[in-house]
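Residue numbers (the numbering used here), protein chains in the order written: chain S, 204 to 399; chain H, 458 to 643.
Where a beta carbon is used, it is the ideal one built from N, C-alpha and C, also for glycine.
Here is the structure we will look at, set down as structure tokens.
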């Protein structure tokens, strides 16, 4: 008998009670939110429990939600039970001022590089990581480029048309003038889209 | 009429400006050495992406960069005359490219092929070097995304013109030293 989402949720709730919140099943994948300081205990339980057996860390990354004050950075764990071929997703949230999250490297060796990448792009400080340094970007980089307050474009360019390359212009790309994905009277240039 | 038609379309380089008389010819070292150099350039292909694929077509039989004396691709910077940079250079690749350039012996030339190498191209982003001329001096830029082999050959012929016309003392000049100094070389 394969492991169902309901069984996983029930077993986790028995063990951790009301600590786990925001249970969802987008596209059939069980997703929940855990308190930041419990992440290792939950991962360990998911790993050790004979029935759960989530022994493979598929992916680990972060998301920046600037509007969620006090819990701006979400660290997302994707876990895989290889025996029953079931995947789940666990999120923990950390404040952007002090984004300390316990490192999962002791449990999953694959977390090593993925946590370095998450540190590199989002600045999440994985407490207990053996070698938390940049992995993809240049060592001299002095910011975390995937945080939303930093524009995607290279700000050193002066010879490209700002209108087209996200440095101001009349539409104000990359500034607070634009509201992402929202069309207004001022920027209704695209035909076929509705004005909100 | 001979039974075998030999290739009678062989082209030879023009004789440089010279003073000739019966049994002798006098000309400048500049033009003779330039003539020899421009028709025996050893390129170092530094290919990182799609422009590198176009370069492979340029080097293969149809376009055949060997027609211009660039028969011999070298992968040792110490023996090369021309650094051909083809493709996106990320900021992390920058020091590597610079080291390759520094390892080349003078005289050396640089051909920047494609929008990415010239200006960062569409990759106007935090991780990509916005043009290799931020870290090494460039002699000829080939625009295009990617440029066709004809464009790469045209750029190569522009390099040949530069090589052929370069004075022997240029690399010792104050201007050249100032150019190198602006890149922090020597």
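By the rule that beta-carbons nearer than 9 Å mark a contact, residue 232/S does not touch chain H. In the displayed model, residue 262/S falls within a strand according to three-state DSSP. The residue from 620/H, 507/H and 463/H with its alpha-carbon nearest to that of residue 546/H is 507/H.
Annotation: residue 258/S to residue 288/S spans about 11 Å, alpha carbon to alpha carbon. Looking at the DSSP output, residue 293/S sits in a beta bridge with 235/S and 280/S. The C-beta of residue 590/H comes no closer than 9 Å to any C-beta of chain S.
Between residue 512/H and residue 541/H, the gap from beta carbon to beta carbon is short of 9 Å.
Per DSSP, reduced to three states, the secondary structure at residue 253/S is coil, with no helix or strand assignment. Sequence-ordered contacts of the segment 279-312 of chain S with chain H are nonexistent [C-beta pairs closer than 7 Å]. Membership of residue 329/S in the beta strand (DSSP E) is indicated by the continuous run 328-330. Taking the Cβ atoms as the reference, residue 284/S lies roughly 16 Å from residue 263/S, outside the contact range of under 8 Å. The beta carbon of residue 328/S does not come within 9 Å of any beta carbon belonging to chain H, so the residue lies off that interface. With contact defined as three or more Cβ pairs closer than 8 Å, the segment 473-484 of chain H and the segment 564-573 of chain H are not in contact.
Against chain H, a Cβ distance below 7 Å from residue 341/S picks out 548 and 549. Here the alpha carbons of residue 291/S and residue 558/H stand approximately 49 Å from one another. Contacts with chain S (Cβ-Cβ distance below 8 Å) from the segment 559-593 of chain H involve 576, 577, 581, 582, 583, 584, 585 and 587, listed in chain order. In the DSSP assignment, residue 303/S falls within the unbroken beta strand (DSSP E) covering 303-305. For residue 227/S, DSSP records a beta bridge to 234/S. Taking every protein chain shown into account, the CB of residue 333/S has fewer than 16 other CB atoms within 10 angstroms, so this residue is exposed.
When the five nearest sequence neighbours on each side are left out, the beta carbons in the same chain lying within less than 7 Å of the beta carbon of residue 608/H are those of 599 and 601, in order along the chain. Residue pairing from DSSP places residue 502/H in a beta bridge opposite 541/H. Residue 316/S: not part of any beta strand (DSSP E); member of the alpha helix (DSSP H) spanning 314-325, first to last residue. A distance below 9 Å separates the beta carbons of residue 293/S and residue 235/S. Counting only runs of 4 or more residues that sit fully inside the segment 527-582 of chain H, the alpha helix (DSSP H) segments are 551-560 and 571-576, in chain order.
With fewer than 16 other Cβ atoms from the protein chains shown falling within 10 Å of its own Cβ, residue 641/H counts as exposed. Within the same chain, and ignoring the five residues on either side of residue 238/S in sequence, the residues whose Cβ sits closer than 6 Å to its Cβ are 222. When only Cα atoms are considered, residue 357/S and residue 528/H end up about 39 Å apart.
Going by DSSP, residue 482/H is part of the beta strand (DSSP E) stretching over 481-483.
A contact is defined here as three or more CB-CB pairs under 8 Å, and the segment 619-628 of chain H meets this definition with respect to the segment 485-504 of chain H. Residue pairing of residue 476/H in beta bridges, as defined by DSSP: 483/H. Only buried fits residue 538/H, as 16 or more other CB atoms lie within 10 angstroms of its CB.
Around the beta carbon of residue 524/H, fewer than 16 other beta carbons lie within 10 angstroms, which makes this residue exposed.
Under DSSP, residue 598/H shares a beta bridge with 569/H. DSSP, reduced to helix, strand and coil, places residue 248/S within a helical segment of the structure shown.
Secondary-structure assignment with DSSP links residue 267/S through a beta bridge to 276/S.
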